[in-house]
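Engineer:
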Amino acid sequence: MNIDTGRVLRAAVFAAWAIFFAYLRISGDMTRYLGPRTYWVVTFGAVALGGAAIAHVATLRTQTEPRRPTRAEMASVATLLIPIVGVLMIPSAELGALAASRKLSSAGGGEVGAFAPAAPDPDGDISFAEIQYANESEEYAAQAGVVEGTPIRLTGFVTHAADAPGEGFDLTRFYVSCCAADA
Numbered sequence: 001m002n003i004d005t006g007r008v009l010r011a012a013v014f015a016a017w018a019i020f021f022a023y024l025r026i027s028g029d030m031t032r033y034l035g036p037r038t039y040w041v042v043t044f045g046a047v048a049l050g051g052a053a054i055a056h057v058a059t060l061r062t063q064t065e066p067r068r069p070t071r072a073e074m075a076s077v078a079t080l081l082i083p084i085v086g087v088l089m090i091p092s093a094e095l096g097a098l099a100a101s102r103k104l105s106s107a108g109g110g111e112v113g114a115f116a117p118a119a120p121d122p123d124g125d126i127s128f129a130e131i132q133y134a135n136e137s138e139e140y141a142a143q144a145g146v147v148e149g150t151p152i153r154l155t156g157f158v159t160h161a162a163d164a165p166g167e168g169f170d171l172t173r174f175y176v177s178c179c180a181a182d183a
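Per this note's numbering, the sequence shown starts with residue 1, numbered consecutively.
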């Protein structure tokens with residue numbers, strides 16, 4: 001009995017994809033690439049491709065003489081592995097100052113104006129979305145304790161728009177409702 005090198009290559013590709021999908025699922029990185037409605041694809045891919053890899057490994061033995069893989073087989077394996085390498089090389093979506101400066105066009109709050117938070121917790125932290133809402137509603141501002149003279153501590157990205165007059169700066173925050181890729 002000999003081992004079919006073509007099946008070995010295909011089993012390796014299936015296993016690589018199954019491991020990749022399992023990694024995405026276990027690490028939670030699938031949220032970088034997929035929306036909530038398509039998370040099932042990662043689980044299905046890990047299980048189905050893992051099963052295909054196991055089936056190929058179980059049937060590696062053949063009666064024919066062993067041979068070297070052809071160029072076409074090697075090219076097809078490389079083609080199937082390129083997406084994995086590409087995805088692994090993409091840096092994670094960081095919400096840094098550069099990204100914040102690119103979002104200055106929506107720095108006024110955009111959708112936040114439609115955000116109507118519940119009654120604020122007087123002892124809790126206040127979010128930027130709540131500050132934006134308090135800016136539009138004096139009643140909410142009084143309930144939240146967002147009044148003139150109140151000392152605050154802000155965390156955000158310091159940016160400066162190229163067309164902004166003077167030497168001031170903007171403190172930019174992201175309001176992310178889904179995933180970092182949407183920010």
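Beta carbons are placed, not taken as given, at the ideal position from N, Cα and C, and that holds for glycine.
Does DSSP put S105 in a helix, a strand or coil?
Structural biologist: Confidence is the limiting factor: at S105 the pLDDT is only 48, short of 50, which leaves the residue's position unreliable, though a coordinate-based value still follows. In this structure, S105 counts as helix in the three-state DSSP scheme.
Engineer: Could you check how far apart the C-beta atoms of F14 and L49 are, in whole angstroms? I think they sit under 8 Å.
Structural biologist: 5 Å
Engineer: Round the Cβ separation of A58 and F21 to the nearest angstrom and send it over; I've been treating them as touching at under 8 Å.
Structural biologist: Actually they are not in contact, since the Cβ atoms of A58 and F21 sit about 20 Å apart, beyond 8 Å.
Engineer: Just to confirm the assignment, what range does the alpha helix (DSSP H) spanning V13 have?
Structural biologist: T5 to S27
Engineer: Tell me which residues share the same chain as S105 and place their Cβ nearer than 8 Å to its Cβ, disregarding the 5 neighbours each side in the sequence.
Structural biologist: Any reading at S105 is ruled out, since the residue's pLDDT is 48, under 50, leaving its predicted position unreliable.
Engineer: For the alpha helix (DSSP H) that A159 lies in, which residues bound it at each end?
Structural biologist: Here residue 159 is Thr; the residue named in the question, Ala, does not match the sequence. T159 -> not in any alpha helix (DSSP H); beta strand (DSSP E) instead, spanning F157 to T159.
Engineer: Would you say the region 142–149 touches the region 121–134, given that touching needs at least three Cβ pairs under 8 Å?
Structural biologist: yes
Engineer: Taking the beta carbon of W40 as the centre, do at least 16 other beta carbons fall within 10 Å, making it buried, or is it exposed?
Structural biologist: exposed
Engineer: Can you check whether the CB of D4 is closer than 9 Å to the CB of T62?
Structural biologist: yes
Engineer: Could you check what DSSP says for T172 in three-state terms: helix, strand or coil?
Structural biologist: strand
Engineer: Tell me which residue opens and which closes the alpha helix (DSSP H) that T59 is part of.
Structural biologist: That residue, T59, is in no alpha helix (DSSP H); it is neither H nor E in DSSP.
Engineer: Taking DSSP's pairing of strands, which residues face N2 in a bridge?
Structural biologist: T62
Engineer: If the criterion is Cβ atoms closer than 9 Å, does the pair A162 and D170 meet it?
Structural biologist: no
Engineer: Less than 8 Å between C-beta atoms, sequence neighbours within five positions excluded: which residues of the same chain meet that for A164?
Structural biologist: Only D170 meet the Cβ criterion.
Engineer: Measure the C-alpha to C-alpha separation of G108 and I82 and round it to an integer number of angstroms.
Structural biologist: Low confidence applies here, because G108 scores a pLDDT of 47, under 50, leaving its location unreliable and the question unanswered by this model.
Engineer: Taking DSSP as the reference, what is the three-state secondary structure of P36?
Structural biologist: Helix, per DSSP.
Engineer: Between which two residues does the alpha helix (DSSP H) holding I131 run?
Structural biologist: F128 to E136
Engineer: Given this structure, state the Cα-to-Cα distance separating G28 from E65, to the nearest angstrom.
Structural biologist: Each residue's alpha carbon lies about 44 Å from the other.
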